[in-house]
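Student: Take the sequence shown: its letter number 39 is residue 43 in the numbering used here, and every next letter is one higher. Provided herewith is a single structure, encoded as structure tokens, for subsequent inquiry.
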Amino acid sequence: MINSAVRHTVVAALTTALALLPTTAAQAEESDKDNNIEKVELFGVSVDTAPEHIAAGDRWVTHQKLYTVKKTKGKRTVQYAGKGESECGAVQVSHGEVTSQCTRVLRLKKGTLTLSDMITYRPPKPVTAKTAIIGGTGHYRSAYGEGYITLDGPRTHLELDVDE
Numbered sequence: 005m006i007n008s009a010v011r012h013t014v015v016a017a018l019t020t021a022l023a024l025l026p027t028t029a030a031q032a033e034e035s036d037k038d039n040n041i042e043k044v045e046l047f048g049v050s051v052d053t054a055p056e057h058i059a060a061g062d063r064w065v066t067h068q069k070l071y072t073v074k075k076t077k078g079k080r081t082v083q084y085a086g087k088g089e090s091e092c093g094a095v096q097v098s099h100g101e102v103t104s105q106c107t108r109v110l111r112l113k114k115g116t117l118t119l120s121d122m123i124t125y126r127p128p129k130p131v132t133a134k135t136a137i138i139g140g141t142g143h144y145r146s147a148y149g150e151g152y153i154t155l156d157g158p159r160t161h162l163e164l165d166v167d168e
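Put into structure tokens, the structure is as follows:
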């Protein structure tokens, strides 16, 4: 169970991140009618089990709550979208730079999306990288495509182009 101090910090971080979004933020789930691409944008706050000093071969799990931002009548509101889990492993660590391979499962209302990525970063600096959509269930049962994932401490931002 997360204690109230951690919960308060996580909520404050998410609120700050969402308040800084541009007012033209895309809808969480928007379809591109021409080629059947659904745009999915999610924000998350995570808790992970990564070691403080990562070495090659280390593995960790990340759990997060996912949110969308809906724009209605000029107002932006945050809505709970589901949960996400990631399992990552450090492939290489050199001079403070970590390359990790991660498989991510996003459990959303309409089904799950499975992502795979390999990201090189320098903790604790933020990083944006490509992620592949490799499958899904429910509404996303034939999903594929790609998108971007931004990792910034406990905050995650996903912009996905889901093709079906």
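Yeah, the Cβ is synthetic: ideal placement off N, Cα and C, and Gly gets one too. From a predicted model like this one, the values you see are computed outputs, not experimental measurements.
With the cut-off set at 8 Å, would you say V49 and R159 are in Cβ contact?
Tutor: yes
Student: Does the Cβ of E80 have 16 or more other Cβ atoms within 10 Å, making it buried, or fewer, making it exposed?
Tutor: Before going further, note that residue 80 is Arg rather than Glu in the sequence given. Under this definition R80 is an exposed residue.
Student: Between T188 and the rest of its own chain, which residues show a CB-CB distance below 6 Å, the 5 nearest in sequence each way excluded?
Tutor: Since the displayed the chain opens at 5 and closes at 168, residue 188 lies outside it and no answer follows.
Student: Between the C-alpha atoms of G61 and G100, what's the straight-line distance to the nearest angstrom?
Tutor: The straight-line gap separating the alpha-carbon atoms of G61 and G100 is approximately 15 Å.
Student: Going by beta carbon distance, what residues of the same chain come within less than 7 Å of G139, once the five residues before and after it are set aside?
Tutor: T118, A147
Student: Go ahead and label T53 buried or exposed: buried means 16 or more other beta carbons lie within 10 angstroms of its beta carbon, across all protein chains shown.
Tutor: exposed
Student: Near A136, what residues of its chain come up, given a Cβ to Cβ distance below 7 Å and the 5 sequence neighbours on each side ignored?
Tutor: L119, S120, D121, E150
Student: Less than 8 Å separating the beta-carbons of G93 and Q68?
Tutor: no
Student: Could you pull the start and end residues of the beta strand (DSSP E) that H67 belongs to?
Tutor: 63–76
Student: For V51, is the classification buried or exposed, using 16 other Cβ atoms within 10 angstroms of its Cβ as the cut-off for buried?
Tutor: exposed
Student: Would you mind sorting G157 into buried or exposed? The rule is 16 or more other CB atoms within 10 Å of its CB.
Tutor: The Cβ neighbour count for G157, taken over all protein chains shown within 10 Å, is under 16; the residue is labelled exposed.
Student: Where does S48 fall in DSSP's three states?
Tutor: The sequence given here places Gly at residue 48; Ser does not occur at that position. G48 falls in the strand class under three-state DSSP.
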